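In my numbering, the protein residues as written are 269 to 722.
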């Protein structure tokens with residue numbers, strides 16, 4: 269029996285144990301077992317990074333997809349809607365990567381279940397039009413008996429307009445986005461600041477997510493939006509879930525201080541920073557899924573981060589690209605200042621040792637995102653080697669289009685800080701970057717339909 273066979277058997281056992289807990293209505297216990305299976309797949313020997321989709325054989329991928337789908341139902345029953353939605357998206361992403369004919373055929377039932385569960389979540393969020401679209405897509409792959417069962421469940425929920433629209437088109441119709449506080453996962457809901465410059469219920473089709481640095485807050489960082497004011501763009505400043513000890517109104521997205529308040533150094537970090545960062549990344553993935561449900565296309569969701577907020581932005585881009593289909597654009601853009609992926613990350617560390625081979629190991633099934641990293645030439649906090657290794661990983665292994673801009677005479681500050689010209693070159697570079705990637709405003713009264721698969 270090969271290592272892959274052992275892994276598949278282990279995942280199947282954990283899935284079955286989780287199913288038994290679920291049947292006895294122990295949803296928390298079921299979720300824990302499903303999570304153990306997902307973590308086991310992520311730490312499988314020979315697996316690169318946090319995304320197993322490109323590395324595992326079809327049979328193992330199919331089992332993992334079912335685990336994600338079952339965890340979605342457990343989380344749905346427990347009322348954790350955004351996490352359930354994220355698991356549904358993970359299930360569908362996994363199933364898209366199965367190219368073995370027999371396994372792909374057997375995956376139709378799990379796909380139908382995932383679409384059904386996604387529709388249930390969307391209905392609970394009040395996003396009925398998108399739930400209806402999922403149900404039509406699901407009916408295209410479900411057996412007749414399943415269709416009858418799903419139709420009965422559908423009759424009890426809300427009903428969306430446009431029932432005559434074809435399922436594939438309904439999945440891709442872009443309506444005017446509307447912000448709902450419910451789309452912000454509870455892990456990062458505290459202190460967020462949303463600003464729509466148009467001051468109308470309908471929002472622009474671009475939204476810029478603002479991620480602050482260590483020890484800052486969403487409100488402080490949101491003031492940056494008033495200086496940026498990108499056209500056809502609203503902003504959502506998120507606040508780190510971790511409060512910095514002894515410092516009022518100071519938050520972080522991952523650990524960065526030792527117990528004596530000295531900075532954590534990468535050599536002694538262990539998994540403290542990476543584990544906390546992955547929790548924040550999962551919350552951000554839930555937010556992206558929620559924003560899509562609220563009407564934003566992924567191409568209209570942009571992220572701007574400074575310091576560890578920038579690290580989270582890069583981690584989000586890597587995660588979404590690794591889970592996406594080949595050539596799929598997963599975000600509108602990612603712009604970061606004075607940031608890199610964590611240097612203790614396995615892929616970054618391997619790249620810095622010269623053994624990464626990122627360009628040669630490019631993942632055939634990855635999506636992509638446009639990324640720009642600005643780095644001060646006098647930055648003594650974020651080393652240039654970390655930035656270059658991060659760019660190499662994102663380019664070579666995840667297909668992202670990455671630019672690195674060196675800012676002369678600048679240290680570790682925010683845009684314009686500590687630079688004699690007020691940061692004009694850095695500001696201009698960022699504005700030019702956003703000008704290339706922001707969605708244009710659609711003429712009033714038009715309805716945009718994306719081609720299937722985008």
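All C-beta atoms in this analysis are idealised placements derived from N, C-alpha and C, irrespective of residue type, glycine included.
Here the structure is a predicted model, which means the values were calculated and not measured.
Taking only three categories from DSSP, how would you classify residue i?
i           : result
residue 510 : strand
residue 651 : coil
residue 728 : With the chain covering 269 to 722 only, the question about residue 728 has no answer from this structure.
residue 563 : coil
residue 274 : helix
residue 476 : strand
residue 447 : coil
residue 396 : helix
residue 505 : strand
residue 696 : helix
residue 468 : coil
residue 675 : strand
residue 687 : coil
residue 346 : coil
residue 452 : coil
residue 656 : helix
residue 548 : helix
residue 612 : coil
residue 369 : helix
residue 338 : helix
residue 287 : helix
residue 592 : coil
residue 378 : helix
residue 327 : helix
residue 488 : helix
residue 664 : helix
residue 587 : helix
residue 646 : coil
residue 515 : coil
residue 706 : coil
Which partner residues does residue i have in the DSSP bridge list?
i           : result
residue 520 : 510
residue 669 : 638
residue 604 : 573, 641
residue 597 : 636
Residue i: buried (16+ other C-beta within 10 angstroms of its C-beta) or exposed?
i           : result
residue 694 : buried
residue 305 : buried
residue 661 : buried
residue 274 : exposed
residue 473 : buried
residue 670 : buried
residue 357 : buried
residue 638 : buried
residue 514 : exposed
residue 247 : Limits of the chain in this structure are 269 at one end and 722 at the other, which puts residue 247 out of reach.
residue 509 : buried
residue 649 : exposed
residue 689 : exposed
residue 468 : exposed
residue 347 : exposed
residue 292 : exposed
residue 703 : exposed
residue 270 : exposed
residue 383 : buried
residue 647 : buried
If residue i and residue j are in contact, beta carbons under 8 Å, what's the gap, nearest whole angstrom?
i           : j           : result
residue 580 : residue 545 : 6 Å
residue 447 : residue 471 : 6 Å
residue 667 : residue 607 : Not a contact, Cβ separation roughly 20 Å.
residue 333 : residue 375 : 7 Å
residue 504 : residue 462 : 5 Å
residue 619 : residue 657 : 4 Å
residue 353 : residue 557 : 5 Å
residue 659 : residue 672 : 5 Å
residue 679 : residue 644 : 5 Å
residue 391 : residue 399 : 4 Å
residue 460 : residue 486 : 6 Å
residue 301 : residue 336 : Not quite, the Cβ-Cβ distance comes to about 13 Å (not below 8 Å), so this is no contact.
residue 596 : residue 635 : 4 Å
residue 617 : residue 599 : The pair is not a contact, with the Cβ atoms about 25 Å apart (cut-off 8 Å).
residue 272 : residue 328 : 6 Å
residue 279 : residue 298 : Not confirmed; about 15 Å, so no contact.
Along the chain, where does the alpha helix (DSSP H) containing residue i start, and where does it finish?
i           : result
residue 302 : 295-310
residue 482 : Premise fails: residue 482 is in no alpha helix (DSSP H) and is neither H nor E.
residue 358 : 349-364
In the DSSP assignment, the beta strand (DSSP E) including residue i goes from what residue to what residue?
i           : result
residue 461 : 461-463
With a threshold of 8 Å between beta-carbons, can residue i be considered close to chain C, or not?
i           : result
residue 496 : Structure shown: chain C not included; a single protein chain is present.
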